[in-house]
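Residue numbers for the sequence shown follow this note's numbering, beginning at 37 and rising by one.
Let me begin by presenting the structure, written as structure tokens, before commenting on it.
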Amino acid sequence: MIASFGDQATADLYHGARTRRARSFPSDIRAIALRKLDMVNAARVLLDLRSPPGTRLEALRGDLRGLYSIRINDQWRVIFRWTEGAAHDVRVLDYHKG
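Right, here's the structure in full:
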């Protein structure tokens, strides 16, 4: 379940708001990002996000220690903190820009 978003752009995208922030994501990833956000919202335990394998659930390291990610494509990720059975600070992130 998504408990909170890490930025307004991700919240707008998820809630279908037609804002400049939501449109800041490349058009070719928006539908996939929405599907991945729906998966995060449906998850009741973190391991629910291990399937399908293409999501590539990962515990992040370094500056992002304590966060998890699932893959949208080679460049984009959904990142979040998982505590108390929910995803917090959920963001769609260009992984190469940070």
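Glycine residues also receive a C-beta, built at the ideal position from the N, C-alpha and C atoms.
| query | result |
| --- | --- |
| Minimum Cβ-Cβ distance from Tyr104 to chain B less than 9 Å | Of the chains in the structure shown, none is chain B; there is only one protein chain. |
| Bridge-paired residues (DSSP) for Tyr131 | Answer is none; Tyr131 lacks a bridge partner. |
| Residue span of the beta strand (DSSP E) that contains Val155, given as start and end | The requested residue 155 does not occur in the structure, where the chain is confined to residues 37 to 134. |
| From Lys133, Gln111, Phe116 and Arg59, residue whose alpha carbon lies closest to that of Gly42 | Phe116 |
| Residue from Ala123, Arg56 and Asp48 with nearest C-alpha to Asp84 | Ala123 |
| Assigned exposure category for Ser105 - 16 Cβ within 10 Å defines buried | buried |
| Closest by C-alpha distance to Leu70, when choosing among Arg107, Pro89, Leu82 and Leu103 | Arg107 |
| Bridge partner(s) assigned by DSSP for Val126 | Phe41 |
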